[in-house]
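By the numbering used here, the letter at position 17 of the sequence shown is numbered 18, and the numbering carries on one by one without gaps.
No residue lacks a Cβ here, since even glycine has one placed at the ideal position from N, Cα and C.
What follows is a single structure, written as structure tokens, with notes after it.
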Amino acid sequence: MKQNHPHRTFFNSRANEWDSPGDTDKLIRLKNIFQKLDLNPQGNILDAGAGTGILVPVIYEVTRDPVHLIELDFSEVMLKRSKQKYEGDFHLNLHYINADAQRLPFSNQSFQWIIAFAVLPHVSDKRKVIQEWYRVLASNGTLLILHLMGSKELNQFHSAVGGVIAHDHLPAVSSFAETLQQDGYQINLAIDQKDLYLIHAVKE
Ligand SMILES: C[S@@+](CC[C@H](N)C(=O)[O-])C[C@H]1O[C@@H](n2cnc3c(N)ncnc32)[C@H](O)[C@@H]1O
């Protein structure tokens, strides 16, 4: 992994202030989405671009079966914050991997689920990353791409923040779903509205 990747430096610099009081509302929204859409992550789950682990309590609440959850991020400071929060929760099968989501240190077909929450715009080569995720997904494994905003709103937000993330672009769901299909995914759900971007895709 490149030591001086500008995005990695950016997220490392934000990690200690990443969690905020607004996260309570985010957690409620996330749990509602999983429950309403009957999303039941199971088996080995990769949380790609996990940050400080906001998905951890969501996944353990909505899942019906024991899972192994791999928290992966290229920002080691984000992962450190996450470890501080969940350390001591011995009932959680949590594992931490500091790596680039575009070059995963896992063998083929390692995961039943990959959840990419709020990470895709920041990945420079989106085609490469979905091919890499396809490689590590088991047959019939699920890829869930999720944002709590639509693509238009998110792209405006990134432009307003500026700096290193100014041009981090989330493609409209229709065009990105097509790209996923070309790379062998079946699309079960594709939503792009003001307050939600969600693609539920299955490796065929
Ligand atoms: C907007 S934050 C979202 C974090 C978390 N999912 C959340 O919603 O709180 C994006 C995260 O993706 C990570 N990230 C961005 N590009 C990455 C890459 N190529 N490989 C691994 N992690 C990456 C960043 O370090 C950051 O923690």
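| Check | Outcome |
| --- | --- |
| For residue 9, count neighbouring C-beta atoms within 10 Å of its own C-beta (all shown protein chains included) and say buried if the count is 16 or more, exposed if not. | buried |
| Report, in whole angstroms, the separation of the C-beta atoms of residue 99 and residue 126, which I expect to be a contact under 8 Å. | Not a contact, Cβ separation roughly 20 Å. |
| DSSP on residue 149, reduced to helix/strand/coil? | coil |
| Taking the beta carbon of residue 142 as the centre, do at least 16 other beta carbons fall within 10 Å, making it buried, or is it exposed? | buried |
| If I'm right that residue 188 touches residue 181 with Cβ under 8 Å, what's the distance once you round it to whole angstroms? | 6 Å |
| Measuring alpha carbon to alpha carbon, tell me which of 135, 38, 122, 21 ends up nearest residue 154. | 122 |
| Identify the continuous alpha helix (DSSP H) that holds residue 8 and give its terminal residues. | 7-15 |
| Going by the C-beta, is residue 73 closer than 7 Å to any heavy atom of ligand 1? | yes |
| Evaluate the contact criterion for the stretch 111-122 versus the stretch 45-57: three or more CB pairs, one atom per stretch, below 8 Å. | yes |
| Quick one: using the 10 Å Cβ neighbour count with 16 as the cut-off for buried, is residue 26 buried or exposed? | exposed |
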